[in-house]
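Order-wise, the sequence lines are chains R and U. Heads up, the first sequence is in numbering that gives the first Met the number 0, so the first residue is 0 and it goes up one at a time. Heads up, the second sequence is in numbering that gives the first Met the number 0, so the first residue is 0 and it goes up one at a time.
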Amino acid sequence: MSASPSNESAVGPAPERFLDERKSMSCIHCGLCLSSCPTYLETGNENDSPRGRIYLMRALQEGRLELGAAPVRHIDLCLGCRACEAACPSGVPYGELLEHARDHIEKHHSRPWFQRFLRRVAIERIFPYPQRMRWALLPARLVKALGMDAVCPAWIRDALALIPESPSSIPIPAVVNPEGTRRVGFISGCVMSVMFGETHRNSLELLARAGFQVATPSDQVCCGALHAHSGRLDQARAFARRNIEVFEKAGVEMIVINAAGCGSTLKEYGQLLAEDPMWRDRATAFSSKVRDLSEILAEREWATPTPCASDAPIVTFHDACHLAHAQRITQPPRKMVKAAAGERYVEMPESDVCCGSAGSYNLTEPEMAARLRKRKIENILKSGAQIVVTSNPGCLLQIQAGLRAEGADHVRALHIADFLVSDRAGWRANASTATAGDSPDTGVKRASGESRAR
Amino acid sequence: MPSTPRPGLDPALLDEFRRIVGDAYVIAGRQELLVYECGAYTLERNLPHVVVLPASTEEVAAVARVCAREGLPIIPRGAGTSLSGTVLAVEGGVMIALTRMTRLVSIDVRNRRALVEAGCVNAWVTQAVKGHGLLYAPDPSSQTACTIGGNVGTNSGGPHTLKYGVTTHHVLGYELVLPSGEVTWLGTTWEGGEDVDGLDLRGAAIGTEGMFGIVTRVLVRLIRAPQAYKTLLGVFETVEDASQAVSDIIRAGIVPAALEMMDQLITQAVEQAYKFGFPMDAGAVLIVELDGLAPGLERQAQSVTEICRRRRAREVRLAQTEQQRAELWKSRKRAFGAIGRLSPNFITQDGVVPRSKLTEMMRFIEECSRRHGLRIPNVFHAGDGNLHPLVLYDERDPEQVRKALLISDEILTQCIALGGSVTGEHGIGTEKMDFMAKQFSKDDLEAMKQLRAVFDPQTRCNPHKMFPGSKKCGDFHPKKQAAA
Numbered sequence: 000m001s002a003s004p005s006n007e008s009a010v011g012p013a014p015e016r017f018l019d020e021r022k023s024m025s026c027i028h029c030g031l032c033l034s035s036c037p038t039y040l041e042t043g044n045e046n047d048s049p050r051g052r053i054y055l056m057r058a059l060q061e062g063r064l065e066l067g068a069a070p071v072r073h074i075d076l077c078l079g080c081r082a083c084e085a086a087c088p089s090g091v092p093y094g095e096l097l098e099h100a101r102d103h104i105e106k107h108h109s110r111p112w113f114q115r116f117l118r119r120v121a122i123e124r125i126f127p128y129p130q131r132m133r134w135a136l137l138p139a140r141l142v143k144a145l146g147m148d149a150v151c152p153a154w155i156r157d158a159l160a161l162i163p164e165s166p167s168s169i170p171i172p173a174v175v176n177p178e179g180t181r182r183v184g185f186i187s188g189c190v191m192s193v194m195f196g197e198t199h200r201n202s203l204e205l206l207a208r209a210g211f212q213v214a215t216p217s218d219q220v221c222c223g224a225l226h227a228h229s230g231r232l233d234q235a236r237a238f239a240r241r242n243i244e245v246f247e248k249a250g251v252e253m254i255v256i257n258a259a260g261c262g263s264t265l266k267e268y269g270q271l272l273a274e275d276p277m278w279r280d281r282a283t284a285f286s287s288k289v290r291d292l293s294e295i296l297a298e299r300e301w302a303t304p305t306p307c308a309s310d311a312p313i314v315t316f317h318d319a320c321h322l323a324h325a326q327r328i329t330q331p332p333r334k335m336v337k338a339a340a341g342e343r344y345v346e347m348p349e350s351d352v353c354c355g356s357a358g359s360y361n362l363t364e365p366e367m368a369a370r371l372r373k374r375k376i377e378n379i380l381k382s383g384a385q386i387v388v389t390s391n392p393g394c395l396l397q398i399q400a401g402l403r404a405e406g407a408d409h410v411r412a413l414h415i416a417d418f419l420v421s422d423r424a425g426w427r428a429n430a431s432t433a434t435a436g437d438s439p440d441t442g443v444k445r446a447s448g449e450s451r452a453r
Numbered sequence: 000m001p002s003t004p005r006p007g008l009d010p011a012l013l014d015e016f017r018r019i020v021g022d023a024y025v026i027a028g029r030q031e032l033l034v035y036e037c038g039a040y041t042l043e044r045n046l047p048h049v050v051v052l053p054a055s056t057e058e059v060a061a062v063a064r065v066c067a068r069e070g071l072p073i074i075p076r077g078a079g080t081s082l083s084g085t086v087l088a089v090e091g092g093v094m095i096a097l098t099r100m101t102r103l104v105s106i107d108v109r110n111r112r113a114l115v116e117a118g119c120v121n122a123w124v125t126q127a128v129k130g131h132g133l134l135y136a137p138d139p140s141s142q143t144a145c146t147i148g149g150n151v152g153t154n155s156g157g158p159h160t161l162k163y164g165v166t167t168h169h170v171l172g173y174e175l176v177l178p179s180g181e182v183t184w185l186g187t188t189w190e191g192g193e194d195v196d197g198l199d200l201r202g203a204a205i206g207t208e209g210m211f212g213i214v215t216r217v218l219v220r221l222i223r224a225p226q227a228y229k230t231l232l233g234v235f236e237t238v239e240d241a242s243q244a245v246s247d248i249i250r251a252g253i254v255p256a257a258l259e260m261m262d263q264l265i266t267q268a269v270e271q272a273y274k275f276g277f278p279m280d281a282g283a284v285l286i287v288e289l290d291g292l293a294p295g296l297e298r299q300a301q302s303v304t305e306i307c308r309r310r311r312a313r314e315v316r317l318a319q320t321e322q323q324r325a326e327l328w329k330s331r332k333r334a335f336g337a338i339g340r341l342s343p344n345f346i347t348q349d350g351v352v353p354r355s356k357l358t359e360m361m362r363f364i365e366e367c368s369r370r371h372g373l374r375i376p377n378v379f380h381a382g383d384g385n386l387h388p389l390v391l392y393d394e395r396d397p398e399q400v401r402k403a404l405l406i407s408d409e410i411l412t413q414c415i416a417l418g419g420s421v422t423g424e425h426g427i428g429t430e431k432m433d434f435m436a437k438q439f440s441k442d443d444l445e446a447m448k449q450l451r452a453v454f455d456p457q458t459r460c461n462p463h464k465m466f467p468g469s470k471k472c473g474d475f476h477p478k479k480q481a482a483a
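Set out below in C-alpha cells:
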C-alpha cells in the first residue's frame, strides 16, 4: 500500500533544517521509550511521547507539517527530563533534538503575551541573575507573609507555593579549605545561591571534609540551562563562554556542581559550542572536568557513618532527571544516602519519573507539572518514607510544595548535601509524625535549624 | 486543539466520541493524527480518521457501539510497537488506543494470577509481583514498552518461550469488547478455577491481531520465579558452529529457558550501544540460559559448556552475578534498537524454520545479503528456530526500499519451503498477508475467516489484515462523508 497523497503532501515553503539529519534519523520508531515518558504516562497520547515528538520534529523539518499550535503544544509539554534517552536502545540524543526544535520554534512561532512574558522576562532575564532574583522574591515573600496569596488567582498561588519557607543566601568565601591538596571549582549557580544558601554551605563543608580545596569564582554566571531548555541557544552559548573563561583562570582540577539540572548543561558545553571552532575544544575540556557533588564524594573513601537507630526516620531517594537520565548517575548518590540511612533506606516506586519541576516547566506548564507532582507525592507516601533526599533545587521546591499541598507534613524533602551534613545521631521517628498535619519533628528540622543558627 | 481535522468523518460523530471519553482524549486534527500513521513498522503508513483514548471498558464499549451504528472500521492499538503493520489504519477508521487503561487492577498471590488492564505494560506485571517470588513469563524484547493487550493480540513470545511457552499459555481469560460494542469475557474469570467448560474460545481469539474485538482486561497467570539461573555466553567463530551447538544442546535432552543467537554484525552494534563486553570479532555468540532448582543446574551448565567446546567455541563465559545476567539480557533485548547505529531503517522478519534447518537458512540469508547488496544482521531465538533477520535500508533511497522488500519476500518464501512458517511472534499484519496463501490452503483460510465472522461478521475490526487480498476490499468507507 502506498500512503494516500493527502498524507504526504508537503505544506508551506521549503523548510529550514534545524535538526541534525543523522541524529534525527537514528530514531527507528521502535517505541521502547514510550513507557519511560512522564507526559505519555499521564495522557496516553502518542503526540506527548518521545517517539511522537521526534516524529513531529521530523515532520516539521521535512515540511510535512506547518509550524502551528498543535505541534508546538506537544513539544512545549515535553519536560526535557530525558528519561527516554536512558531507555533508548539506538542512542538518540533526544535532549539535543529538543533544544534545536525549541530554538526553531522560538524563532518562528509567536506565543500569547503571558507566555512571552514568562519566557522572555521571568525565566531569561530574572532567574539567571542572583541579584535580580533577590529583588523579584521580595514582593512574592511579602504577599506570602501577609497571607495575601489566598486571594491571588490559582496560577499565582501555584507559583508562590514553590518559594521555600525561608530562602537563604549566604556569602561564599573565595576559597574554602586552602590546605586541601586538590583544588576544585564550585558552581554557585543562580537560583541555588539565592534560595539554598544553606545547601551551599553544607556542600562546601562536605568537600572540605573530603580534603578538597574549593574555589568559588565570584565572576561566574548562570550555566545557561534555562535558556538552552527553552530554545534560546545563543544566550546559553554566551553564558557558557563566560564560565569557561572564568574557570580556566581559576586553575581547578575539577568543577563541582550540586544542582543536577545545571550539571547536565555544564557537561554538555562541548555539544553546545560544537559549531564554534574558537571555543569547541575549550568547551569540551571544561565539560570533562564537571562532576556532580555526589559523584565526587562517592569516589572518595568515607568513614562509615554512625548507623541510624532502628527507629530513625525512613529515607528514600528521588532521582533528579538531569542526574539519572541526562548524566546517568543513579548509584553514587544512593550509595551515600544508603550508607547514612542504613536499614532505614527504602526505594520508592517510580523514583526516576519526573516530579514535574523540570527547570522552569512548572511555571510554563502548571497543569501537567501539578499532575506529575501529585504522582510523585503519591509514590513517596506509598514508600512510607519520612525523608526524601534529592539533588536538584527544582525537584526540592516542587516536592516541598507538593508535600504541603497534599498535607503530608510528616515528610521532609532534603538536598543530599543537607542530608549528609545534618546531625543524624539525634534522629528519632516520632510516633506522632505518622499522622499528617502534626507538627513535624523528625529531628531534621532541628538539625538544619541548628546549623542555620551557627 | 486548533488543527485542521482529517477530512472524512462527520464532526457530529467526533462530538459524540468527545462526550464519551472527554475532549482531551479525542484526537482528530490532521497534525496530531500524523504520529498514529504507523507503529514500529514504518514502511506503510496511513492516517486514521480519529484516535480515541478511552479510560474504561465502558468507554471502549460505548465507542465501539457508535462505530457499529455508523459502520466504521475499528483499529485497536496498544503501545504501537508492532513490527508487522498490525496497527495500521489501512483505510482510516476509528483507532482505539488503550494507552490510558494501564492499571494493574489486582494481584492474587495465592492463586498466582493478576488482573490487568489491556494497556498495562508487560514488564510492569513482573515488577509488581517480583516481591512475591512470582513472574509473568512471556517476555518479548519490547516488554518495557509493549502492552499486555497487544501481547494477547499477537500471542507474543520472547526469549524464554523455549521453556515457558507463549502468551496463550499464560493468559487465563480476558475481557473482549466485540465490534458490536457488546462486552464478553472469554476463559477463566477472576473468581473461576483453572479450567473452563466447553470450547476454548479464549485460545481461539488469542493471536488474532485485533480482528475479533478489543481486549480490555486480561487475567494473566503468574509463575514461580526460578530458584536459580545459570546464564552462559558461548563465543563462536561461525554462525554454523553456533547453530550446530544449538541442535546438540536440544538433542542432549537439555531444555534451556532461553537459547539465543546473535551474529557478528548485530553483536558489534549491540556492543557499541551497551558496552557489555561482547567480542567484536566473533562470528556468532550464543546465550544459553538454564533455570530451575539449583542442584541440577551445575551439571547442565557443564554439559552445555562441553557441547559448545566440541563445536569449536572459542570461549564459554558464565554470568557471575545477577547484575551481569541482567546486563546480558538487556543487551540482547534491546538489540533491535541498536540497529539505529547501523542504519536509519530496517525491516525485520520473524520466520520460523525447523531447528535442523537453521544452518541452511542462515546460509540462504547470507547469500541474499550478498546478492542484493544490503546488510542483514541476525539476532534470533535459536532454540525455536525463530529467526529475526534485520534487513537494513535507507528509506530515502527507493531502490533500497525495493530491495529490502524483495529480500524479505525471498527469506519468508524460503522459510515456507524449508517446512517452517512466516511468523513466530510478530504477527501477519499488513506486511505478510500475501504469504498466508503460500502457507495455508484455501480451505484453511476459509475456516479462519468463518471463525472470525462469528466475532466480527462485518469484518470491521482491524480490517485489511492477515487475510490475503483483503486490502483491496473497499467496503469500509465511512457512511457519512464530511464536506472536505
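Positions of the beta carbon are idealized from the N, C-alpha and C atoms, including for glycine. As the structure is a computational prediction, the values presented were derived from the model and not from experiment.
Item                                                                                                                                                                    : Value
Taking the C-alpha atoms as reference points, what is the distance between Gly210 (chain R) and Gly184 (chain R)?                                                       : 13 Å
Scan the region 119-205 of chain U and note each continuous alpha helix (DSSP H) run of 4 residues or more that stays entirely inside, going in chain order.            : 121-128, 147-153, 160-163 and 200-204
So that I know if they touch, is there some Cβ in chain R lying closer than 9 Å to that of Gly118 (chain U)?                                                            : yes
Going by other Cβ atoms of all chains shown within 10 Å of its Cβ, with 16 needed for buried, is Val453 (chain U) buried or exposed?                                    : exposed
Going by beta carbon distance, what residues of the same chain come within less than 6 Å of Asn378 (chain R), once the five residues before and after it are set aside? : Met347, Pro348 and Glu349
Could you pull out every residue in the same chain whose Cβ sits closer than 8 Å to the Cβ of Thr266 (chain U), ignoring the five residues on either side in sequence?  : Phe277, Pro278, Met279, Ala281, Ala283 and Val284
Which of the residues in the region 317-339 of chain U, read from start to end, lie with their CB under 8 Å from any CB of chain R?                                     : Arg333, Ala334, Phe335, Gly336, Ala337, Ile338 and Gly339
Look at the Cβ atom of Lys448 (chain U), then the Cβ atom of Phe466 (chain U), and state whether they are nearer than 9 Å.                                              : yes
So which residues of chain R does Ser141 (chain U) contact, with C-beta pairs closer than 9 Å?                                                                          : Cys29, Gly30 and Leu31
Assuming Leu32 (chain U) and Pro47 (chain U) make a contact with CB atoms under 8 Å, what is their CB distance in whole Å?                                              : 6 Å
Between Glu405 (chain R) and Arg372 (chain R), what straight-line distance do the alpha-carbon atoms span, to the nearest angstrom?                                     : 10 Å
Can you give the Cα-Cα distance for His387 (chain U) and Leu411 (chain U), rounded to whole angstroms?                                                                  : 11 Å
CA-CA distance, Pro225 (chain U) and Leu296 (chain R)?                                                                                                                  : 38 Å
How about the region 241-253 of chain U and the region 201-215 of chain U: do they share at least three Cβ pairs that are nearer than 8 Å?                              : no
For a test of the three-state rule: what should DSSP assign to Gly28 (chain U), helix, strand or coil?                                                                  : strand
Would you kindly check if the distance between the Cβ of Ile169 (chain R) and the Cβ of Gly188 (chain R) is under 9 Å?                                                  : no
At a Cβ cut of 8 Å, what residues of the region 13-26 of chain R count as close to chain U, listed as they run along the chain?                                         : Met24, Ser25 and Cys26
Name the chain R residues whose beta carbon is nearer than 7 Å to that of Gln30 (chain U)?                                                                              : Leu64, Gly67, Ala69 and Pro70
Rank U:Cys460, U:His463, U:Leu218 and U:Gly197 by C-alpha distance to the C-alpha of Asp107 (chain U) and give the top, closest one.                                    : U:Leu218
I'd like the list of long-range same chain contacts for Leu13 (chain U), defined as Cβ closer than 8 Å, with 5 residues on each side in sequence excluded.              : Pro4, Val25, Ala27 and Val49
Considering only the alpha carbon of each residue, which of U:Val151, U:Arg111, U:Ala204 and U:Ser83 lies closest to Gly132 (chain U)?                                  : U:Arg111
Given Leu322 (chain R), which residues of its chain have a CB within under 8 Å of its CB, disregarding the five upstream and five downstream residues?                  : Ala259, Gly262, Ser263, Asp291, Ser293, Ile328, Thr329, Pro332, Ser390 and Asn391
Starting from Phe335 (chain U), trace the alpha helix (DSSP H) both ways and give me its first and last residue.                                                        : Ala334 to Ala337
Using beta carbons (cut-off 9 Å, strictly below), is Asp9 (chain U) in contact with chain R?                                                                            : no
Under three-state DSSP, which class holds Met253 (chain R)?                                                                                                             : strand
For the alpha helix (DSSP H) holding His103 (chain R), just list the boundary residues, first then last.                                                                : Tyr93 to His107
List the residues of chain U that Tyr54 (chain R) touches, going by C-beta distances under 8 Å, in chain order.                                                         : Leu33 and Val34
Say whether chain U places a C-beta atom closer than 9 Å to the C-beta of Tyr344 (chain R).                                                                             : no
May I ask which residues mark the beginning and end of the alpha helix (DSSP H) holding Gln114 (chain R)?                                                               : Trp112 to Arg115
I'd like the list of long-range same chain contacts for Val254 (chain U), defined as Cβ closer than 8 Å, with 5 residues on each side in sequence excluded.             : Leu161 and Lys162
Does any residue of chain U bring its CB to less than 9 Å from the CB of Gln399 (chain R)?                                                                              : no
Roughly how many angstroms separate the alpha carbons of Leu18 (chain R) and Cys87 (chain R), rounded to a whole number?                                                : 18 Å
Who are the near neighbours of Phe475 (chain U) in its chain, counting only those whose CB is closer than 6 Å to its CB and skipping five residues on each side?        : Low per-residue confidence applies at Phe475 (chain U): pLDDT is 35, beneath 50, and the placement is therefore not dependable enough to give any value.
Between Leu357 (chain U) and Phe439 (chain U), what straight-line distance do the alpha-carbon atoms span, to the nearest angstrom?                                     : 22 Å
Find the residues of chain R that neighbour Thr41 (chain U), judging by a C-beta separation of less than 7 Å, and give them in chain order.                             : His28
Would you mind reading off the limits of the alpha helix (DSSP H) that contains Gln270 (chain R)?                                                                       : Tyr268 to Leu271
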